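To convert a position in the sequence shown, counted from 1, into my numbering, add 1.
Cβ atoms here follow ideal geometry from the backbone N, Cα and C, with glycine treated the same way.
Nothing here was measured: the structure is a model prediction, and the numbers come from that model.
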Amino acid sequence: MRNMPGMKKQDGAFLTIGELANELGVAQHILRYWETRFPALRPLQRSGNRRYYRPDDVALARQIHHLLSVEGYTVRGAQQALSGGVKAEGADSDGGTTAPVTVQAAMPMNAPAQDELLRKLKAIRSTLSAALA
């Protein structure tokens, strides 16, 4: 029996790929791609290759989505963040940059810390502008 439009499944219920894709606001093929890049994301597959995401899979997909879409990580950076590996800042094989993964990086900064960071970034920008001139 299918869910009626507007009805929400109970917490802990398995989600189909369509339901999870709608919840995250991504296309279904993006979820299938993530399955190839994140080994821990392994939904159950039934006949006809129908995917059923368990609650743990749903939580992991939400984390991946947050890292890629909100935090701006590359796929490689998100893989490292989820595996707990910390890599120095620099270019990764995707051509993007990776950020050091720390607990503090995920927490909001207080105003004085934001002001200090902004001051440092402006100083870096000035240095780069002078170097390019």
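query = With DSSP run on the structure shown, which of helix, strand or coil describes Tyr54?
reply = Locating residue 54 in the sequence shown gives position 53, counting from the first residue. Reduced to three states, the DSSP call for Tyr54 is strand.
request  = Enumerate in chain order the residues of its own chain whose CB-to-CB distance from Arg38 is below 7 angstroms, with the five nearest sequence positions on each side excluded.
outcome  = The residue you call residue 38 lines up with position 37 of the sequence shown. Cβ within range, chain order: Val76, Gln80.
Test item: CB-CB of Ala22 and Ala28 under 8 angstroms = Here the question's residue 22 lines up with position 21 in the sequence shown. Here the question's residue 28 lines up with position 27 in the sequence shown. Closer than 8 angstroms, so yes.
For Leu129, the three-state DSSP class (helix, strand or coil) = Counting from one through the sequence shown, the residue named residue 129 turns up at place 128. For Leu129, the three-state secondary structure derived from DSSP is helix.
request  = Can you give me the start and stop residues for the alpha helix (DSSP H) that Val76 sits inside?
outcome  = Position 75 of the sequence shown holds residue 76. First-last of the alpha helix (DSSP H) with Val76: 76 to 84.
task = Report buried or exposed for Arg52, applying the criterion of at least 16 other Cβ atoms within 10 angstroms of its Cβ.
result = Taking the first residue of the sequence shown as position 1, residue 52 is located at position 51. It counts as buried.
ask   = Per DSSP, Leu45 forms a beta bridge with which residues?
value = Along the sequence shown, one-based indexing puts residue 45 at 44. Beta-bridge pairing links Leu45 to Tyr53.
message = Please determine whether the Cβ atom of Ile18 lies at a distance below 7 angstroms from any heavy atom of the ligand FAD.
response = This structure lacks the ligand FAD, and indeed carries no ligand of any kind.
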